[in-house]
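Chain order of the listed sequences is V and F. Quick note, the first sequence lines up with residues 1 to 200 if you use our numbering. Quick note, the second sequence lines up with residues 201 to 835 if you use our numbering. Note that beta-carbon positions come from the ideal geometry of N, C-alpha and C, so glycine has one too. Computed from a predicted structure; not experimentally measured.
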Amino acid sequence: MKDKVVIDLAHLPPHGLGTASQSWWGTLAFMLIEGTGFALAIVVYLYLMSLAPQWPLDAAPPDLVAGTTLTVFLVLSVLPNILVNRWARQQDLRKVRIGLIVMSLVGIVPLILRAFEFPAMHIKWDQNAYGSIVWVMLGLHTTHILTDLVETLVLTCLMFSRHADNPRRFGDVNDNAMYWNFVVATWLPMYACLYWVPRL
Amino acid sequence: MTQDGDGLRDSSMEGSELHRRLTAIWSTPSGLWGALSTVDHKIIGRRYVTTAFVFLALGGVLSLLIRLQLAQPEARFIGPDRYNQIFTMHGTNMMFLFAVPVMQAMAIYLVPLMVGTRNIAFPRLNAFSYWVYLAGGLLLWIAFAVDTGPDVGWFAYVPLAGPEYGAGKRADIWAQMITFTEVSALAVAVEIVVTVFKQRAPGMSLDRIPLFVWSMLVTSFLVIMAMPAIMVASSSLILDRLVGTHFFNPAEGGDVLLWQHLFWFFGHPEVYIIFLPAVGMVSTIVATFTRRPVFGYLGMVMALIATGVLAFGLWVHHMFVAGLPRLGESFFTASSMAIAVPAGLQIFCWLATMWAGRPVFKTPFLFVIGFMVIFVIGGLTGVMVASVPFDTQVHDTYFVVAHFHYVLVGGAVFPLLGAVYYWFPKFTGRMMSETLGRWIFGLIFTGFNLTFFPMHILGLQGMPRRIYTYQPEMPWSGLNLFISLSAVILALGFLLFFVDAIRSARSGSLAPANPWGARTLEWATSSPPPPYNFARLPVVDRLDPLSDDIEAVPVASGLRVDRRELLTSSVVHASPEAREASPGDSIWPLWAALASTLMLIWSIFSPWAVVWGSIPLAITLIGWFWPKGVPEDEA
Ligand code: HEM
Ligand SMILES: [Cu+2]
Chain V
1 MKDKVVIDLA HLPPHGLGTA SQSWWGTLAF MLIEGTGFAL AIVVYLYLMS LAPQWPLDAA
61 PPDLVAGTTL TVFLVLSVLP NILVNRWARQ QDLRKVRIGL IVMSLVGIVP LILRAFEFPA
121 MHIKWDQNAY GSIVWVMLGL HTTHILTDLV ETLVLTCLMF SRHADNPRRF GDVNDNAMYW
181 NFVVATWLPM YACLYWVPRL
Chain F
201 MTQDGDGLRD SSMEGSELHR RLTAIWSTPS GLWGALSTVD HKIIGRRYVT TAFVFLALGG
261 VLSLLIRLQL AQPEARFIGP DRYNQIFTMH GTNMMFLFAV PVMQAMAIYL VPLMVGTRNI
321 AFPRLNAFSY WVYLAGGLLL WIAFAVDTGP DVGWFAYVPL AGPEYGAGKR ADIWAQMITF
381 TEVSALAVAV EIVVTVFKQR APGMSLDRIP LFVWSMLVTS FLVIMAMPAI MVASSSLILD
441 RLVGTHFFNP AEGGDVLLWQ HLFWFFGHPE VYIIFLPAVG MVSTIVATFT RRPVFGYLGM
501 VMALIATGVL AFGLWVHHMF VAGLPRLGES FFTASSMAIA VPAGLQIFCW LATMWAGRPV
561 FKTPFLFVIG FMVIFVIGGL TGVMVASVPF DTQVHDTYFV VAHFHYVLVG GAVFPLLGAV
621 YYWFPKFTGR MMSETLGRWI FGLIFTGFNL TFFPMHILGL QGMPRRIYTY QPEMPWSGLN
681 LFISLSAVIL ALGFLLFFVD AIRSARSGSL APANPWGART LEWATSSPPP PYNFARLPVV
741 DRLDPLSDDI EAVPVASGLR VDRRELLTSS VVHASPEARE ASPGDSIWPL WAALASTLML
801 IWSIFSPWAV VWGSIPLAIT LIGWFWPKGV PEDEA
């Protein structure tokens with residue numbers, strides 16, 4: 001049987017960028033999964049609140065300083081992140097390297113601030129259900145910061161290795177930047193929930 | 201041969217040369233190492249299907265033990281503690297280790313072939329998901345073997361499963377098995393979504409996607425939206441049990457109904473995660489054996505999507521007796537009845553197709569007919585229990601056991617068995633026996649109805665589920681004996697099925713590329729397909745790429761033959777976007793799965809496992825993703 005060739009694909013690029021790549025869609029799908037997880041955590045928080053005679057249960061509302069500083073910092077971190085994203089799209093290796101080093105440092109700061117947030121809650125996870133849910137929400141978000149930080153560090157190393165100058169790597173940097181935006185975006189409703197809902 | 205800027209192309213290569221080069225680049229090396237590091241979706245898919253059927257057999261053995269115990273009143277064969285473990289194991293095993301994985305497994309094998317690509321998206325994640333699934337299954341069964349099997353029912357309600365009543369590690373095993381199977385199910389869902397979105401053959405626009413692929417796409421979205429709920433639930437349960445959180449402890453502001461909400465927000469869609477793939481299988485089989493496309497393609501797709509959306513509005517109907525606001529109950533009753541609409545629509549579309557076509561009654565088609573009969577009965581009792589007063593009466597009785605087996609076995613296992621008969625030649629290159637197939641269908645259909653129909657009556661007579669024995673004064677013993685004897689017929693049918701499958705895989709008659717005269721793309725390549733699936737990627741210009749007036753499927757050329765390469769195409773129109781590399785074999789997914797297993801099992805015993813266990817996991821993940829300088833990494 002002779003093949004009836006009707007299309008020639010030879011002219012296509014050997015790698016898709018952005019929405020033409022599978023990894024972009026894969027990242028999106030994982031964000032959907034984790035976003036559902038975050039949303040459920042908030043729903044559980046509100047559910048427990050709806051049952052409680054007073055909220056927070058046996059605790060003062062959380063102190064605002066650490067959490068608010070962290071929130072402002074996260075929002076600001078989006079700026080360098082967008083720049084790295086742009087440089088990666090321009091495939092500018094030198095600037096991407098600098099940007100990744102900056103983003104690695106940027107990833108460490110929220111972890112330090114987070115260490116002050118847990119005590120600012122005025123409650124431990126094993127005291128009551130309020131304590132349980134706030135610790136789990138903070139913990140859940142912390143693991144996301146941590147994962148993205150490790151990913152950024154590995155990417156930084158990669159970009160200083162012989163594998164660096166490759167559109168595929170720049171695509172990885174784009175996906176990583178998208179993920180950081182996600183980490184920031186999911187924090188905002190969590191912040192509102194943890195710090196302001198108890199003050200309503 | 202053309203040597204463009206990058207790599208060697210297939211453009212002017214002849215058949216045998218092309219085959220030789222593609223085989224060299226795509227095939228899995230023989231031997232243990234090759235088997236452990238393969239990322240071929242066909243090999244992993246076959247492995248997944250086989251493993252899931254082993255779990256079906258194991259779960260079947262448990263149900264026979266149940267029937268043996270209940271055959272007569274006050275039997276001494278199984279004690280109450282073992283009995284609790286057995287029905288919990290049966291339900292958990294069937295839902296989490298058999299039904300969901302087996303549907304995804306069929307998709308892992310079939311979806312890439314049906315959309316005309318060379319491997320699934322993220323093939324290494326696919327390998328990882330299989331190992332994690334296997335580890336979760338082993339965890340559950342090894343725990344059962346050493347008398348630590350979960351004993352809290354397949355939905356592990358608190359407070360029974362909580363720290364106060366669920367002593368020992370049994371409930372933790374259940375909860376962590378959930379983590380294993382959900383991680384693997386979520387991974388597969390992502391792979392399927394991306395494969396369907398980005399790897400369809402050129403020209404396979406949205407309105408030309410085969411119905412089975414549509415059903416798997418909707419199912420994958422259900423997995424993505426529903427499974428996080430059960431992971432949140434099972435993780436909070438473990439936290440309550442391990443580090444003293446109070447999510448489900450009313451004394452400290454927690455709530456036991458929270459568990460039920462979280463569980464059923466997942467648990468009801470779960471039913472559709474099992475059922476929608478089966479619907480896709482039925483549509484495929486009906487189209488082939490009536491020799492015409494399924495009537496109302498658009499309506500079928502809309503029904504799939506509508507079912508998927510409605511599936512999230514139903515969870516509370518599992519909690520009618522828990523005492524909820526009246527308005528809430530009415531809403532959930534209405535939505536539970538509304539879901540019968542898309543289901544009914546699909547049944548009418550199939551009936552119309554059969555009516556208009558000339559059905560050929562081969563074994564796969566027989567199972568489809570069995571499905572329709574049984575599923576309609578299950579649907580009717582479903583509408584019955586959707587009404588609160590009736591549900592209050594039969595809640596936790598054998599009426600419910602009968603209902604959900606009609607839905608699950610009728611709605612999923614029958615189509616699945618039909619699908620196995622239908623696709624077996626593609627999977628193995630050999631046909632299953634038509635004669636035996638008819639016997640098997642007859643035994644399973646008769647055995648099933650004789651076993652489960654009387655359970656409706658037992659339920660109405662008040663026999664509760666999950667009891668390890670009953671007194672002779674109760675009017676239940678006659679029917680119970682009858683049911684247990686009927687279960688033997690059912691078991692014989694399944695036994696014969698396994699015999700036929702194993703025998704045919706070894707020595708069945710050889711299958712041609714397209715034994716049924718079917719019209720979807722998986723039949724456009726040999727049976728079984730070569731490691732690269734298609735020597736040249738098919739090009740699609742209609743809903744039925746293999747319809748009768750076609751001599752040969754048109755194809756595309758221009759891909760490289762010196763690295764694993766496939767095509768990515770646009771989401772809506774499937775117009776070509778890029779030649780994309782597909783990752784080669786790797787042992788790292790196995791290491792990563794082992795590291796995850798270590799961390800998850802350890803964390804049943806100590807919260808520090810999450811800290812220390814994440815280090816090996818991170819190392820294996822870095823090993824997995826670090827570029828190795830292979831041609832697949834070029835861009
Ligand atoms: C094929 C033969 C099967 C037989 C004879 C059978 C029999 C039974 C029986 C008698 C029970 C009730 C046990 C009790 O309440 O004490 C039960 C429970 C159950 N079965 Fe099956 N079953 C079969 C297949 C399946 C399949 C294929 C599935 C799922 C796909 C399934 C899912 C369940 C579930 C979820 C439960 C509830 C377990 C619990 O109460 O926690 N069964 N089965
Ligand atoms: Cu339901």
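Give the single residue among the options whose Cα lies nearest to the Cα of residue i.
{"i": "D58/V", "options": "G35/V, W125/V, V44/V and P189/V", "result": "W125/V"}
{"i": "R282/F", "options": "F298/F, L265/F and T292/F", "result": "L265/F"}
{"i": "L746/F", "options": "L268/F, L208/F, V620/F and M314/F", "result": "M314/F"}
{"i": "A401/F", "options": "S757/F, S806/F, P738/F and V388/F", "result": "P738/F"}
{"i": "P450/F", "options": "A129/V, V43/V and L17/V", "result": "A129/V"}
{"i": "G829/F", "options": "Y191/V, L93/V, A120/V and R168/V", "result": "R168/V"}
{"i": "S769/F", "options": "K4/V, D3/V, L188/V and L17/V", "result": "L17/V"}
{"i": "F805/F", "options": "Q272/F, I424/F, I378/F and L442/F", "result": "L442/F"}
{"i": "L695/F", "options": "G717/F, F641/F and V740/F", "result": "F641/F"}
{"i": "N649/F", "options": "A602/F, F344/F, L681/F and S726/F", "result": "A602/F"}
With hydrogens ignored, establish whether the beta-carbon of residue i is closer than 8 Å to any heavy atom of ligand 2.
{"i": "L163/F", "result": "One cannot answer for residue 163/F here, as it falls past the ends of chain F, which runs 201 to 835."}
{"i": "H603/F", "result": "no"}
{"i": "S587/F", "result": "no"}
{"i": "V471/F", "result": "yes"}
{"i": "W515/F", "result": "yes"}
{"i": "H468/F", "result": "yes"}
Going by beta carbon distance, what residues of the same chain come within less than 8 Å of residue i, once the five residues before and after it are set aside?
{"i": "D148/V", "result": "G107, N176, Y179, W180 and V183"}
{"i": "P728/F", "result": "K242, K626, F627, T628 and G629"}
{"i": "S786/F", "result": "S237, V239, R324, A327 and W824"}
{"i": "W233/F", "result": "I787"}
At 8 Å on the CB atoms, spell out the chain F contacts of residue i, in chain order.
{"i": "K214/V", "result": "Limits of chain V in this structure are 1 at one end and 200 at the other, which puts residue 214/V out of reach."}
Could you work out which residues of chain V lie near residue i, taking near to mean beta carbons separated by less than 7 Å?
{"i": "E274/F", "result": "What E274/F touches in chain V: nothing, since even the nearest Cβ is about 43 Å away."}
{"i": "M425/F", "result": "T36"}
{"i": "L452/F", "result": "It is Glu, not Leu, that sits at residue 452/F in the sequence shown. What E452/F touches in chain V: N128 and A129."}
Any heavy atom of ligand 1 inside 8 Å of the beta-carbon of residue i?
{"i": "G291/F", "result": "yes"}
{"i": "V479/F", "result": "no"}
{"i": "R282/F", "result": "no"}
{"i": "V609/F", "result": "yes"}
{"i": "A385/F", "result": "no"}
{"i": "T288/F", "result": "yes"}
Might you give, ordered along the chain, the residues of its own chain that have their beta carbon closer than 7 Å to the beta carbon of residue i, omitting 5 neighbours on each side?
{"i": "F255/F", "result": "N293, L297, F298 and G337"}
{"i": "L411/F", "result": "G480, S483, T484, V494 and M500"}
{"i": "D204/F", "result": "Note that D204/F scores 46 on pLDDT, short of 50, meaning its location in the model is unreliable; the coordinates nonetheless yield the value given after this. Cβ neighbours of D204/F beyond the five flanking positions: none."}
{"i": "A321/F", "result": "E391, V394, T395, K398 and Q399"}
{"i": "L360/F", "result": "V352 and G366"}
{"i": "M1/V", "result": "In this prediction, M1/V has a pLDDT of 45, which is less than 50 and means its spatial position is unreliable; nothing more can be read from the coordinates."}
Run through DSSP, which three-state label would residue i get?
{"i": "E155/F", "result": "This structure gives no information on residue 155/F, because the portion of chain F shown stretches from 201 to 835."}
{"i": "S434/F", "result": "helix"}
{"i": "V5/V", "result": "strand"}
{"i": "R94/V", "result": "helix"}
{"i": "T395/F", "result": "helix"}
{"i": "P672/F", "result": "coil"}
{"i": "M201/F", "result": "Summary for M201/F: the model assigns pLDDT 36, below 50, so the residue's position carries little reliability; its value from the coordinates is reported in the next sentence. If DSSP states are grouped into helix, strand and coil, M201/F belongs with coil."}
{"i": "T651/F", "result": "helix"}
{"i": "V84/V", "result": "helix"}
Determine the chain V residues that contact residue i at a beta-carbon separation under 8 Å, and present them in chain order.
{"i": "T768/F", "result": "G16, A20, S21 and Q22"}
{"i": "G444/F", "result": "W125 and D126"}
Below 7 Å on C-beta distance, what does residue i contact in chain F?
{"i": "P167/V", "result": "A835"}
Cutting at 6 Å between CB atoms, please list the residues of its own chain near residue i, excluding the five before and the five after it.
{"i": "L790/F", "result": "L236 and W331"}
{"i": "A252/F", "result": "F298, P301, V302 and A305"}
{"i": "I539/F", "result": "L510"}
{"i": "S436/F", "result": "F447"}
{"i": "T553/F", "result": "V486, T490, V494 and F495"}
{"i": "H290/F", "result": "G259, L262 and S263"}
Just the chain A side, please: which residues come within less than 8 Å of residue i by C-beta, in chain order?
{"i": "F30/V", "result": "Checking the listed chains, one finds no chain A in this structure; the protein chains it contains are V and F."}
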